[in-house]
Amino acid sequence: MARMSEQLPELQEAIALGLTEAEYELVCEKQGGAPNQVELAMYSLLWSEHCAYKHSKKLLATLPTEGPAVVMGPGENAGAVDVGDGLICAFKVESHNHPSAVEPFQGAATGVGGILRDIFAIGARPIAVLDSLRFGEIEESERSRYLLEHAVAGIGHYGNSIGVPTVGGEVYFEGPYEQNCLVNAMALGLGPREQLMRSAAAGVGNVVLIYGASTGRDGIGGASVLASAELGEADDDKRPTVQVGDPFEEKKLMECSLELLELGLIVSLQDLGAAGLTSSACEMASKGEVGIDIDVRKVPLREADMEPFEIMVSESQERMLCVIEPSDVDAVRAICDKWEVSSAAIGEVTDTRLMRIYSGDELVGQMPVEALVDDCPIYDLAPQQPSQPIYPPPAARLDGAESLGETLLALVGSPNVASRRPLFEQYDPIVQSRTVRRPEQADAAVLALANGTALAVSIDGNGRRVAADPYRGTLSVVLECASNLACVGAHPLGTTNNLNFGNPEKPHVAWQLTEAVRAIADACTALEAPIVGGNVSLYNEGASGPIYPTPVIGMVGLLPDVTRAGRLGFTEEGEAIALVGQFKPSLAASELSKLRGEQLPDQLEEVDIESVIEVQDAVRGAVREGLINSAHDVAEGGIATALAESALAGSIGAAVELDPAGDSWQACFGEAPGGFICCGHAAALAQLAERTSVTVIGKVGGDRLEIDLGSEKIDLTLGELRERHRALEAVFQ
Amino acid sequence: MRARVLVRPKQGILDPQGVAVERALPALGFQGVTEVRIGRLVELEIKDPAQLEQISAQLLANPLIEDFEIELLEDAPAA
Amino acid sequence: MKTGILRFPGSCDELDAQLAAALVGETVLLWHGDRDLQDVDAVIVPGGFSYGDYLRAGAIARFSPVMESVIEFAGDGGLVLGICNGFQVLCEAGLLPGALLPNANRRFTFRQVELEVVEGGTKFTSACPPGELLSIPAKHGSGRFYADEATLSELEEGGQVVVRYLPGQNFNGSLRDIAGVRNAAGNVFGLMPHPEHAVDALTGSTDGLRIFESMRSAVDGAHV
């Protein structure tokens with residue numbers, strides 16, 4: 123519909139907003155004519171890749187989403203699993219990649235803000251945050267050091283201020299992320315099952331109420347537009363559209379929301395994130411199969427003279443949208459007043475199946491809900507395995523003349539392996555008094571529950587392995603996540619995933635995406651850890667090509683006895699050390715291979731999923747029984763690095779023997795899923811040997827790390843190792 | 002009328018933000034800058050400017066660690 | 287013993303403080319807008335980011351109605367413990383000397399720190415065995431204790447410096463490594479590290495429990 127004097131936007135505006143010509147024609151068809159400014163703005167956002175998942179929806183439908191522990195699957199603000207005693211754990215991971223490349227502090231901060239809102243939007247109190255970051259090579263790029271420093275500060279600022287502990291995370295530095303950094307934030311929440319809230323608007327005649335911060339021009343055309351386009355040269359222009367977060371406002375918003383939910387005043391709840399009121403209201407209406415009328419003049423504004431389309435599209439942070447019964451409006455507003463949070467009734471649920479936007483009495487936009495949300499075109503991918511390498515080899519940092527010992531020092535000091543303490547010391551890991559394992563104490567974070575059980579959580583995503591072999595590389599990512607849970611004694615309950623990939627319209631990226639999703643499906647099915655929700659971030663590429671395909675996996679598990687939570691550090695002098703699992707190390711796509719400046723291989727070794735799961739089960743059982751004193755998953759840098767990490771964590775040395783098996787480098791530094799370094803009494807390890815493959819390799823003791831391969835030896839002091847392990851401190855001076 | 006209160010860290014108190022800015026300038030090619038102190042600017046409309054001294058001392062600044070300066074601005078001419 | 291824990295918009299560690307205080311007696315949460323202290327024997331001003339640390343940390347919370355009552359309560363000899371943001375609020379309110387400035391390293395820092403108990407005879411440290419160190423987590427962005435030279439000397443000579451960071455443990459630049467101080471009368475104590483996060487072996491050290499046990503003794507002694 124158009125108003126008398128209004129100039130209708132044309133095809134070129136539609137294209138500037140990110141729609142294709144064909145999509146614009148389809149919009150005109152659905153509207154019965156050319157859309158006006160408000161309508162076009164809303165379609166362009168809802169039909170963007172970020173909101174509509176045009177290129178990934180079909181693929182995501184192949185993921186396993188059901189399981190005995192699943193209480194809420196994909197499709198809501200977050201997923202949730204049953205953790206016993208009438209409690210659920212809600213969790214999800216989301217990305218904020220493009221905004222973080224433009225303004226890393228606020229991009230990362232608002233990323234945390236956004237995922238936290240998704241958690242309390244379904245009725246759970248946020249209890250933990252984890253972050254998964256990717257930047258370019260910090261040894262070469264000042265820009266990547268800048269992004270790292272400010273993204274970490276932003277995550278700390280938001281998480282610490284709102285009183286949610288940041289308990290874990292990961293960061294990788296690789297050339298392909300130089301132009302396109304990744305900032306993925308995961309959050310967990312806890313709540314009673316009866317308080318689980320859905321977002322479908324319900325009850326014709328019910329009131330639609332907005333509460334939280336006032337609405338300004340933040341992020342207009344922001345996240346959605348940025349996320350649907352590759353980043354180009356003039357990104358400074360995008361700076362004004364980056365959202366600015368206020369954790370204090372969100373703290374009040376969170377407490378207010380949880381109280382409203384506790385009092386049973388909410389019919390449905392949705393947070394306002396990317397595409398603001400537009401996506402929240404439309405998705406609520408679509409899920410509820412109803413219509414919604416909104417009067418933009420009723421929305422509390424922070425800037426004067428905002429146009430209706432700006433109000434509908436604004437991405438101002440810290441706002442929620444709820445549907446409540448008309449008789450509850452006063453009670454709801456009173457709770458909002460108590461928490462010093464502004465609130466306003468701005469609309470109504472109708473049976474028209476239309477989104478109607480009013481400015482006072484004037485109707486300024488009208489769209490069928492189905493057209494906006496359900497009828498967005500979904501595209502097929504055209505995957506094709508590339509015939510040539512996509513990624514240039516990294517710069518070599520080792521010249522091949524180094525000894526095994528010098529190589530281990532180089533690995534321990536390499537940015538992908540070195541201690542993350544300079545990062546996690548900027549986060550509060552203990553607020554809320556649940557944290558039983560802090561960062562660097564164990565392979566997964568452990569959070570105590572009131573009944574003596576505990577949650578465990580890990581987030582992982584080695585993109586280089588996925589780049590080498592999207593299917594097998596992704597299998598090893600998912601398995602690594604589950605291995606980390608096993609090391610603390612937890613079995614997986616459910617999984618969340620953030621798919622960070624390049625431009626899916628390019629066949630080789632489509633192939634990476636298709637293969638990665640296939641692997642997630644296979645691994646999660648075998649692990650009985652279904653996907654409960656997640657996020658997709660596409661178009662992460664620039665002039666120099668796409669990022670490494672990076673499927674970030676977050677997994678939540680449960681341990682029955684919190685007092686038996688596992689640790690990764692060696693404990694006592696004299697304890698035996700064992701390599702547990704059918705470990706078949708390979709240097710393909712390994713961290714050593716990267717330091718040597720090698721080209722990625724065109725595939726990885728086969729992965730025997732069942733065999734890895736069997737070892738995980740054995741390790742998990744041993745941890746639960748208190749049979750072993752430490753358990754550490756072998757990952758980047760292989761066995762030698764895992765030994766060094768356990769020694770440093772326990773501040774005690776070790777002396778072991780390794781069979782070089784014809785290649786000392788592979789034996790020491792080769793990587794593969796399903797290998798664990800465990801320590802314990804000899805008798806205990808003998809018991810474990812009855813359940814799975816166990817090779818006792820040496821003993822804990824002293825202040826050196828000695829690895830004897832027969833003709834060659836590694837002999838380093840803990841002091842030397844610790845010195846190199848501190849490599850990242852230099853970035854945060 | 003419009004007024005401005007400038008609040009800055011007292012002399013003799015370490016201001017690490019100021020130090021960081023001072024250190025960053027030579028790298029950008031600016032020499033000869035020292036004694037950088039970073040503070041806060043509060044702008045407000047006030048009916049009785051005589052209250053500003055108390056407002057500043059009681060709330061806007063912490064006199065133990067901060068100095069403040071009050072600027073009264075001319076009213077802007079009517080639009 | 288009944289302990290009241292204040293709650294401001296933005297407080298984060300008030301429930302943690304309540305959990306710790308519950309180990310030594312009854313507890314109640316005191317809303318910032320309410321002047322009624324509900325007959326508590328002790329007040330805890332908890333950690334967090336009250337009012338988002340706007341203007342200065344603690345600068346706005348110190349004017350709340352509940353703080354008016356706490357100031358009166360302290361004037362009458364009531365026991366008041368300020369932790370982290372609570373310490374900041376007490377300094378802003380003038381119940382404790384000095385001020386807390388942004389960390390010298392310009393970053394929020396979380397670290398388990400070792401503290402020396404300088405004054406073992408206070409109402410907050412009587413349960414600390416002499417010579418024993420306290421291992422307690424600290425987590426803050428503005429914990430650098432400052433007072434002018436004259437005040438610092440006065441505090442040290444008067445036994446008002448209660449806990450000090452061990453050499454090498456002072457990451458925020460506090461003058462004379464001061465981690466916590468008491469008022470002259472000895473009933474108000476503030477410290478930057480978080481004793482309420484050191485009361486359970488499952489989550490860390492239990493050295494913080496000493497402080498709450500000391501407070502209980504002080505209250506029990508007063509009731510005799």
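Protein chains in written order, with the numbering used here: chain A, 123 to 855; chain B, 2 to 80; chain C, 287 to 510.
Note that CB positions come from ideal geometry on N, CA and C, so glycine has one too.
- Annotated three-state conformation of A/P196 is strand, per DSSP.
- Going by C-alpha positions, A/T617 is about 30 Å away from A/L533.
- Counting only runs of 4 or more residues that sit fully inside the region 824-854 of chain A, the alpha helix (DSSP H) segments are 840-847, in chain order.
- Between A/E216 and A/G233, the beta carbon gap of about 7 Å places them in contact (Cβ cut-off 8 Å).
- A/L485 and A/V160 have their C-alpha atoms roughly 11 Å apart.
- Taking a contact to require three or more Cβ pairs closer than 8 Å, the region 636-650 of chain A and the region 544-558 of chain A do not qualify as touching.
- Within the region 60-79 of chain B, those residues whose Cβ lies closer than 8 Å to any Cβ of chain C are, in chain order, L60, L61, N63, L65 and I66.
- Y549, D550, P551, I552, V553, Q554, S555, R556, T557, V558 and R560: these are the residues of the region 549-564 of chain A whose beta carbon lies less than 9 Å from some beta carbon of chain C, given in chain order.
- In this structure, C/P351 and C/L292 do not form a Cβ contact; the two beta carbons are roughly 11 Å apart against a cut-off of 8 Å.
- Nearest neighbour of A/A403 by Cα position, chosen from A/P448, A/P490, A/H279 and A/R339, turns out to be A/P490.
- Secondary-structure assignment with DSSP links A/S217 through a beta bridge to A/N306.
- For A/G367, no Cβ of chain C is located within less than 8 Å of the residue's own Cβ.
- Nearest CB-CB separation between C/H483 and chain A: below the 8 Å threshold.
- For C/R397, the closest Cβ of chain B is not nearer than 8 Å.
- Non-local beta-carbon contacts of A/V193 in its own chain, meaning distances under 8 Å to residues more than five positions away in sequence, involve A202, V203, D204, I210, R315 and L318 in chain order.
- Residues of the region 266-288 of chain A whose Cβ lies closer than 8 Å to any Cβ of chain C, in chain order: A275, G278, H279, N282, S283, I284 and G285.
- By the Cβ neighbour-count rule, A/K374 is buried, with 16 or more other Cβ atoms within 10 Å of its own.
- In this structure, A/N751 places its C-beta atom within 8 Å of the C-beta atom of A/C801.
- Of all alpha-carbon atoms in A/T288, A/G281, A/E225 and A/R594, the one lying nearest the alpha-carbon of A/L269 is that of A/E225.
- By the CB criterion at 8 Å, C/C298 and A/G285 fall inside the cutoff.
- For A/A576, same chain residues with a beta-carbon under 7 Å away, outside a window of 5 residues either side, are V558, V568, L569, A570, L681, V684 and A687 in chain order.
- Unbroken alpha helix (DSSP H) runs of no fewer than 4 residues, entirely contained in the region 449-503 of chain A, are found at 451-460, following chain order.
- Residues of chain B with a Cβ closer than 9 Å to the Cβ of C/P388 are, in chain order, D16, P17 and Q18.
- Rounded to whole angstroms, the separation of the alpha carbons of A/L443 and A/W461 is 16 Å.
- For A/E851, there are no neighbours in chain C by C-beta distance under 8 Å, as the nearest C-beta there is about 12 Å away.
- Taking C-beta atoms under 8 Å as the contact rule, A/S708 and A/E793 qualify, at a distance of about 7 Å.
- Put simply, the region 453-465 of chain C does not touch the region 311-319 of chain C. Fewer than three CB pairs are less than 8 Å apart.
- Collapsing the DSSP output to three states places A/V418 in a helix.
- When DSSP reads this structure, A/C801 sits in a beta bridge with A/I699 and A/S752.
- Flagged as an interface residue toward chain B: C/A385, by a C-beta distance shorter than 8 Å.
- Contact check for C/G472 against C/A433 fails: the beta carbons are separated by 8 Å or more.
- In this structure, DSSP gives C/D322 a state outside helix and strand, which the three-state scheme calls coil.
- Counting of Cβ neighbours within 10 angstroms places A/F623 among the buried residues, the total reaching 16 or more.
- The Cβ of A/T474 sits no closer than 8 Å to any Cβ of chain C.
- Separation of A/M406 and A/G245 (C-alpha to C-alpha, rounded to the nearest whole angstrom) is 16 Å.
- Scanning chain C for C-beta atoms nearer than 8 Å to the C-beta of B/A21 yields R392, reported in chain order.
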